[in-house]
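Engineer:
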Amino acid sequence: MTQAFNMADLSTALPEVVLSLVAMVILMLDFIVPKGRRDWLGYLSVLGVLLTLMVLCRQWGATQSAFSGQYLIDPFALFFKILFLASGGLIILMSIGYLRGEGADSGEFYALILFATLGMMLMASAVDLLILYIGLETMSICIYVLAGFLKRERRSNEAALKYLLMGGFSSAIILYGIVMLYGLTGATGLKEIASTLTADTLSNPALILAMVMLAAGFGFKIAAVPFHMYIPDVYEGAPTPITALLAAASEIAGLVILLRVFLVAIPGLQDRWALLFYVLSLLTMTVGNVVAIAQSNIKRMLAYSSIAHIGYLLIGVVAGRELGISATLLYTVVYALMTLGAFAMVILLCVGEVKGERIDDFAGLAQRSPMAAAAMLILLLSLAGVPPTAGFVGKLYLFGAAIERGYILLALIAVVNSAISLFYYMKVAVAMYMRDLPPAGLALSPSRPLRVVLFVTVVGTLAIGIYPGPFLDLAKSSIAGLW
Amino acid sequence: MLLSYLPILILVLLAAGFALATLFLSSALGPRRPSKDKLSTYECGIDPVGSARERFSVKFYLVAMLFIIFDIEIVFLYPWAVILNSLGLFGLVEMFFFLGILLIGLLYVWKKGGLEWTT
Numbered sequence: 001m002t003q004a005f006n007m008a009d010l011s012t013a014l015p016e017v018v019l020s021l022v023a024m025v026i027l028m029l030d031f032i033v034p035k036g037r038r039d040w041l042g043y044l045s046v047l048g049v050l051l052t053l054m055v056l057c058r059q060w061g062a063t064q065s066a067f068s069g070q071y072l073i074d075p076f077a078l079f080f081k082i083l084f085l086a087s088g089g090l091i092i093l094m095s096i097g098y099l100r101g102e103g104a105d106s107g108e109f110y111a112l113i114l115f116a117t118l119g120m121m122l123m124a125s126a127v128d129l130l131i132l133y134i135g136l137e138t139m140s141i142c143i144y145v146l147a148g149f150l151k152r153e154r155r156s157n158e159a160a161l162k163y164l165l166m167g168g169f170s171s172a173i174i175l176y177g178i179v180m181l182y183g184l185t186g187a188t189g190l191k192e193i194a195s196t197l198t199a200d201t202l203s204n205p206a207l208i209l210a211m212v213m214l215a216a217g218f219g220f221k222i223a224a225v226p227f228h229m230y231i232p233d234v235y236e237g238a239p240t241p242i243t244a245l246l247a248a249a250s251e252i253a254g255l256v257i258l259l260r261v262f263l264v265a266i267p268g269l270q271d272r273w274a275l276l277f278y279v280l281s282l283l284t285m286t287v288g289n290v291v292a293i294a295q296s297n298i299k300r301m302l303a304y305s306s307i308a309h310i311g312y313l314l315i316g317v318v319a320g321r322e323l324g325i326s327a328t329l330l331y332t333v334v335y336a337l338m339t340l341g342a343f344a345m346v347i348l349l350c351v352g353e354v355k356g357e358r359i360d361d362f363a364g365l366a367q368r369s370p371m372a373a374a375a376m377l378i379l380l381l382s383l384a385g386v387p388p389t390a391g392f393v394g395k396l397y398l399f400g401a402a403i404e405r406g407y408i409l410l411a412l413i414a415v416v417n418s419a420i421s422l423f424y425y426m427k428v429a430v431a432m433y434m435r436d437l438p439p440a441g442l443a444l445s446p447s448r449p450l451r452v453v454l455f456v457t458v459v460g461t462l463a464i465g466i467y468p469g470p471f472l473d474l475a476k477s478s479i480a481g482l483w
Numbered sequence: 484m485l486l487s488y489l490p491i492l493i494l495v496l497l498a499a500g501f502a503l504a505t506l507f508l509s510s511a512l513g514p515r516r517p518s519k520d521k522l523s524t525y526e527c528g529i530d531p532v533g534s535a536r537e538r539f540s541v542k543f544y545l546v547a548m549l550f551i552i553f554d555i556e557i558v559f560l561y562p563w564a565v566i567l568n569s570l571g572l573f574g575l576v577e578m579f580f581f582l583g584i585l586l587i588g589l590l591y592v593w594k595k596g597g598l599e600w601t602t
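Residue numbers (my numbering), protein chains in the order written: chain A, 1 to 483; chain B, 484 to 602.
1. Give me the DSSP bridge partner(s) of Gly533 (chain B).
2. Output, in chain order, the set of chain B residues within a Cβ distance shorter than 7 Å of Met121 (chain A).
3. Please classify Lys521 (chain B): is it buried, with 16 or more other beta-carbons within 10 angstroms of its beta-carbon, or exposed?
4. By DSSP, does Gly219 (chain A) sit in helix, in strand, or in coil?
5. Give the DSSP-derived three-state secondary structure of Val33 (chain A) in the structure shown.
6. Under 8 Å between C-beta atoms, does Tyr591 (chain B) make it to chain A?
7. At 3 residues or longer, and completely inside the region 315-387 of chain A: list those beta strand (DSSP E) runs for me, N to C.
8. At the level of alpha carbons, what is the spacing between Tyr133 (chain A) and Leu190 (chain A)?
9. Quick one: grab the DSSP three-state call for Ser509 (chain B).
10. Does DSSP put Gln64 (chain A) in a helix, a strand or coil?
11. Count Cβ pairs between the region 40-50 of chain A and the region 109-119 of chain A that sit closer than 8 Å; are there 3 or more?
12. Is Met28 (chain A) close to chain B, meaning its C-beta is less than 8 Å from at least one C-beta of that chain?
13. In chain order, what residues of the same chain have a beta carbon less than 8 Å from the beta carbon of Met1 (chain A), not counting five sequence neighbours either side?
14. What does the Cβ neighbour count give for Glu236 (chain A), buried or exposed, with the cut at 16 atoms within 10 Å?
15. Return the chain-ordered list of same chain residues with a C-beta closer than 6 Å to the C-beta of Met213 (chain A), the five sequence neighbours on each side being excluded.
16. Count the CB pairs spanning the region 444-454 of chain A and the region 312-332 of chain A that are closer than 8 Å, and state whether there are at least three.
17. Measure from the alpha carbon of Tyr433 (chain A) to the alpha carbon of each residue in A:Pro232, A:Met376 and A:Ala419, then state which is nearest.
18. Within 8 Å, do at least three Cβ pairs link the region 178-187 of chain A to the region 226-240 of chain A?
19. Applying the criterion that 16 or more other CB atoms from any shown protein chain within 10 Å of the CB defines a buried residue, is Gln59 (chain A) buried or exposed?
20. Excluding the 5 residues flanking Leu589 (chain B) on each side, which residues of the same chain have their C-beta closer than 6 Å to its C-beta?
21. Give me the Cα-Cα distance between Ala215 (chain A) and Ala504 (chain B), rounded to the nearest whole angstrom.
22. So, does the CB of Thr2 (chain A) fall closer than 8 Å to a CB anywhere in chain B?
23. Against chain B, with Cβ distances strictly below 8 Å, would Met24 (chain A) count as a contact?
24. Please classify Leu496 (chain B): is it buried, with 16 or more other beta-carbons within 10 angstroms of its beta-carbon, or exposed?
25. Where does the unbroken alpha helix (DSSP H) through Leu150 (chain A) begin, and where does it stop?
26. With DSSP as the reference, label Thr2 (chain A) as helix, strand or coil.
27. On the CB-based measure, 16 or more other CB atoms within 10 Å of its CB, does Glu251 (chain A) come out buried or exposed?
28. When you compare only the Cα positions, how much space is there between Leu575 (chain B) and Leu567 (chain B)?
29. Terminal residues of the continuous beta strand (DSSP E) containing Tyr71 (chain A)?
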């Protein structure tokens, strides 16, 4: 037997090692830095994220398997690791001002975000069901705590409890699926599972059951309908940066393991799971968009909108192969950017007693701050999928892939859904531009890190919208060798 | 194929049968002299006080959770100790990293007052 651990293996996981060291240092510094000056723990965390990104970029283009074939660095993993680190960094930046406003500044918050990002990175690289599960739990447990971080606020408590219960429940379902796959194939490695399955075993009902269990469990994690019931309450109650973390990073991490497991371990069942995701996608985008119309709380509205976007992302999974999966990858970047930007706007409006959570709080924003209103308008247009923003390009490739592969009806329903979504996004725009400023409106005073977040997300949204070529090429090259 | 599990089934039946038979025989043959002390709840020999269904401090959960962490540390330490020779220096250093990470956790809990019973 070869040695279980060696230095070469460890060097493939160097970015993860760096990130966990940074997180532990932040956790310990929390005791030394006095309360009220913990802002710079946030800046230090961002530096740590940048350092990790630098270490990570040395793996560019490399494909290497490590830890007895359980861990794989490949362009696919690298793509998502960069996305998770960037999202994590932006979320820490938007937390700095938010925590000061809530009077809850602490190093723990940043450390937990870093640990959650670490879990996501593990998920991106996992090619073994056990490592995948460990990454998933590392991420989830951190987010359970973060969702309830505002201890004195009942809604935050409720969010944490609901997320904990539903998260535990869905993890159990995923474990059932994993156990069944292991029982049928005797392997936990994704490639090994695929090679063990023959034409005979593919029609085994137990295997179909395992597939359904995994799809349901991942469905909870990515908030697909009908596994979405807890999402609006959790998104509304959790601290806003954590809502952004849930929507932009944790759901995409769920999608990554979904892609890996279904594409690598059970590609033989593609006919069946494509049908499953067809139905899920249809339900998810329709329910998400229709229910979003009725919301008056912007965090709830964005929660339903994120559900709808997961539905769009699943179209790519249904379409499959290079075209569909690369469109899904491109859309994850687009989705992360515009979601982060939208939640940063909610934090921006958090002034004094106003929480910035009602759509009414956006009334007259154009008079109060024309720049902020313009930024929000660009993000809303992108969410709705109007050119020349990234949302349009992303949807174009997704729906195009569906049509190319013959899923005309699905693409048609998706287009109708986009039209529905335009209505509720524009409700916010109407409030910003056509309604008067309420007399009590205080002047906006965004913190500098929050401005950075808004700048990056808005510019990124426009850049992908106007010049999508390089991003699409990157998405395409990232899925090479995935199968 | 199932036939090869037959001995296990027989063993299960024998074990269950033995347990049931002993229970039945001891209650059927044994003398029965109930008294107040014998019939009361056993609490390590002390007279039982109050109802068992009481609210108790949430701190017990904290202690239990901390215990589990170090319990699992031991679970990892034992197999490691058995094959330490073949793991070499790398294995030794690796385990100290693991212990170090848990130690940071302990320090954190300690500083946060998680080990204080009254706050």
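All C-beta atoms, glycine included, are put in the ideal place defined by N, C-alpha and C.
Structural biologist: According to the structure shown:
1. Partner residues in a beta bridge of Gly533 (chain B), as assigned by DSSP, do not exist.
2. The premise fails here: Met121 (chain A) is roughly 17 Å from chain B at the closest Cβ pair, so nothing lies under 7 Å.
3. By the neighbour-count rule (16 or more Cβ atoms within 10 Å), Lys521 (chain B) is not buried but exposed.
4. Assignment of Gly219 (chain A) by DSSP, reduced to helix, strand and coil, places it in the helix class.
5. In the displayed model, Val33 (chain A) falls within coil according to three-state DSSP, outside both helix and strand.
6. At least one C-beta of chain A is nearer than 8 Å to the C-beta of Tyr591 (chain B).
7. Entirely contained in the region 315-387 of chain A, not one beta strand (DSSP E) run reaches 3 residues.
8. Going from the Cα of Tyr133 (chain A) to the Cα of Leu190 (chain A) covers about 13 Å.
9. Three-state result, Ser509 (chain B): helix.
10. Looking at Gln64 (chain A) - three-state DSSP - the assignment turns out to be strand.
11. In this structure the region 40-50 of chain A touches the region 109-119 of chain A; the number of beta carbon pairs closer than 8 Å is three or more.
12. At least one chain B Cβ lies under 8 Å of Met28 (chain A).
13. With a pLDDT of only 38 at Met1 (chain A), under 50, the local geometry of the prediction cannot be trusted, and the value read off the model is given with reservation. Result list for Met1 (chain A): empty, nothing under 8 Å.
14. Residue burial is scored here from C-beta neighbours: Glu236 (chain A) has at least 16 other C-beta atoms within 10 angstroms and is therefore classed as buried.
15. Cβ within range, chain order: Ile173, Tyr176 and Gly177.
16. The region 444-454 of chain A is not in contact with the region 312-332 of chain A.
17. Of the candidates A:Pro232, A:Met376 and A:Ala419, the one whose C-alpha sits nearest the C-alpha of Tyr433 (chain A) is A:Met376.
18. No: fewer than three Cβ pairs fall under 8 Å.
19. Buried, because 16 or more other Cβ atoms sit within 10 Å of the Cβ of Gln59 (chain A).
20. Closer than 6 Å at Cβ, skipping near neighbours: no residue.
21. Here the alpha carbon of Ala215 (chain A) sits roughly 48 Å from the alpha carbon of Ala504 (chain B).
22. In this prediction, Thr2 (chain A) has a pLDDT of 48, which is less than 50 and means its spatial position is unreliable; what the coordinates show is noted afterwards. No, Thr2 (chain A) does not count as interfacial toward chain B.
23. At least one chain B Cβ lies under 8 Å of Met24 (chain A).
24. With fewer than 16 Cβ atoms within 10 Å of its Cβ, Leu496 (chain B) is classed as exposed.
25. Under the DSSP assignment, Leu150 (chain A) falls outside any alpha helix (DSSP H); it carries neither an H nor an E label.
26. Only weak support is given to the placement of Thr2 (chain A): the predicted model assigns it a pLDDT of 48, under 50, and the question is left unresolved by the model.
27. Buried: at least 16 other Cβ atoms inside 10 Å.
28. In this structure, the alpha-carbon of Leu575 (chain B) lies about 7 Å from that of Leu567 (chain B).
29. Tyr71 (chain A) -> beta strand (DSSP E) spans Tyr71 to Ile73.
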